[in-house]
């Protein structure tokens, strides 16, 4: 039941009533001195509060919830170290355009600037990577700030917003006044694309001979996967989906060439390089995709559609810039392109034959270890097959992240979660927790490395106590695997500080048992399927499986940092030059 405007209460109650009015159903947090007044009305609230074990876990859980549901995730922490522990999740959410609202307590307003106990200028600290942030010292401002925070987080390019509230503002008397509308001077996201830009884009597409759809995570954020399918099939051009866009276009579709970039498929990387037109939808020409920027797709013209005007032209000149919501943009582009193609239908058969030849000649694959140990790629491949395409997979950062992006075919949006832009180790377990809260009836697998897992595994206690039965697959190569790979390739095998000894200490199954989870282990390739099936059969507790895999498996293909995508390597060998192939 909504609270009538004009109701007398204190600032803390106003905060909780504001969160209820914003439609919040769950939040992740830890109480502490400065935020403590808010925890008294939380006790009576309809909002489910999940008590995490670390504020970083709260932030990543809110991110996982947001990525699965499309709604802003909420985390709450106290001042000082509580607030600074949210810095990494906030930066992570900013890089990956995730809607997030963080509520932090602050020392009393009279003490601000005095270096009071647990004081930190969290507003100043987070200003570079929040869409906006607030410091509230007047309790009358709380409802307006909360309403604006959710509006900003969810509209335009999604992102994190922080609301820092002084303790005395939570304690003082006020009246609750929830705004009926939110209108912010200077903040008016441009949703409808310019009609001339749409016409120009359609005309340019109809003139191209080697077009490629370069699809980024913005398509998922805009819920535009269905429209993307219609557009791609209308033109019949190849589609590549970035790390953040996996699932936006079905991996099984004949037009899908895979993921581009540093560890992308040969077909996707080469299609971009050799294209004459990049139809760029919600992607930002990230360095992990482009490689050496000056050598990226040098003969291609660019259509760049994005809701954030700051991204257009930032890294690559756009011949046709389109600012607007991607669902609206693609919806407008479909009839415009249909009209343009009726006048000039390019023959893409040679182009498709070329890229499909690469796709069939250089499929993703992996070697089976000769010493009887488990191939990590095989584990991840079997996870996808046995768990099924409706499951949600949440990766940490490193080799296992890349293998999870390569060897699980994502058919639907919001089934693949990872920390793409910031590359945050420790993301997976708490983000999987948030994802499971957001999609309680869906199987959620955290695919984690032994290094990542040891950063945030304490949130398994939160999962066990709160009936959040996620499943964790630890890809345990007893190393910081991606760093070890680079040391193998570029540092003459000098393995400085990358050995974790994780097959010896800790004992992951025992650790899982101690945290109220079911702990399993797997040492033999022939046991992989049965262990996954056993984990799948347990749905009333979190499950942790320690897959003890081959130590020196590598992620291929690979474009070394700072090099051209033309120098893509397949198992230490260069891919053949495009022009030398029999196509």
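Residue numbers (the working numbering): 18 to 600.
Beta carbons: idealized from backbone N, C-alpha and C, even for Gly.
If you drop the 5 nearest sequence neighbours on each side, which residues of the same chain put their C-beta closer than 6 Å to that of residue 529? 536, 561
Thinking C-alpha only, which one of 305, 133, 343 is nearest residue 579? 305
Sufficient close CB pairs (3 or more, under 8 Å) joining the stretch 335-346 to the stretch 315-326: yes
Within the same chain, show all residues whose beta-carbon is closer than 7 Å to that of residue 110, passing over the 5 residues directly before and after it, in chain order. 80, 117, 176, 177
Beta strand (DSSP E) segments (min. 3 residues) lying fully within the stretch 109-171: 117-123, 149-153
Nearest-angstrom Cα distance between residue 32 and residue 373? 56 Å
Quick one: residues in its chain with C-beta nearer than 7 Å to the C-beta of residue 568, no 5 flanking neighbours on either side, listed in chain order? 494, 495, 496
Suppose the cutoff is 6 Å on Cβ atoms and the five residues either side in sequence are ignored; what does the same chain contact list for residue 194 look like? 22, 160
Cβ-Cβ distance between residue 121 and residue 156 below 7 Å: no
So the candidates are 341, 124, 147; which of them puts its Cα closest to the Cα of residue 53? 124
Candidates 314, 464, 532, 310: which alpha carbon is nearest residue 285's? 314
Roughly how many angstroms lie between the CA atoms of residue 366 and residue 256, to the nearest whole one? 15 Å
Closest to residue 264 by C-alpha separation, out of 526, 164, 433, would be which residue? 433
Selection from 290, 399, 231, 70 that minimises the alpha carbon distance to residue 312: 290
Near the ligand MN: residue 162 beta-carbon under 6 Å from a heavy atom: In the structure on display, the ligand MN does not appear, and there are no ligands present to speak of.
Starting from the Cα of residue 356, find the closest Cα among 205, 224, 549, 368 and give me that residue. 224
What is the DSSP secondary structure of residue 526, reduced to helix, strand or coil? helix
In terms of residues, what are the limits of the alpha helix (DSSP H) holding residue 354? 343-360
Runs of alpha helix (DSSP H) wholly within the stretch 270-319 (minimum 4 residues, chain order): 283-291, 304-307
With 16 other Cβ atoms within 10 Å as the buried cut-off, status of residue 212: exposed
Helix or strand or just coil, what does DSSP make of residue 431? coil
Which residues in the same chain as residue 203 place their Cβ atom closer than 8 Å to its Cβ, once the five residues preceding and following it in sequence are excluded? none
Closest residue to residue 545 among 250, 392, 105, 226 (Cα-Cα distance): 392
Just the C-alpha distance for residue 208 and residue 447, rounded to the nearest angstrom, thanks. 33 Å
Which first and last residues belong to the beta strand (DSSP E) in which residue 231 is found? 228-232
7 Å CB neighbourhood of residue 63 in its chain, flanking five on each side removed: 37
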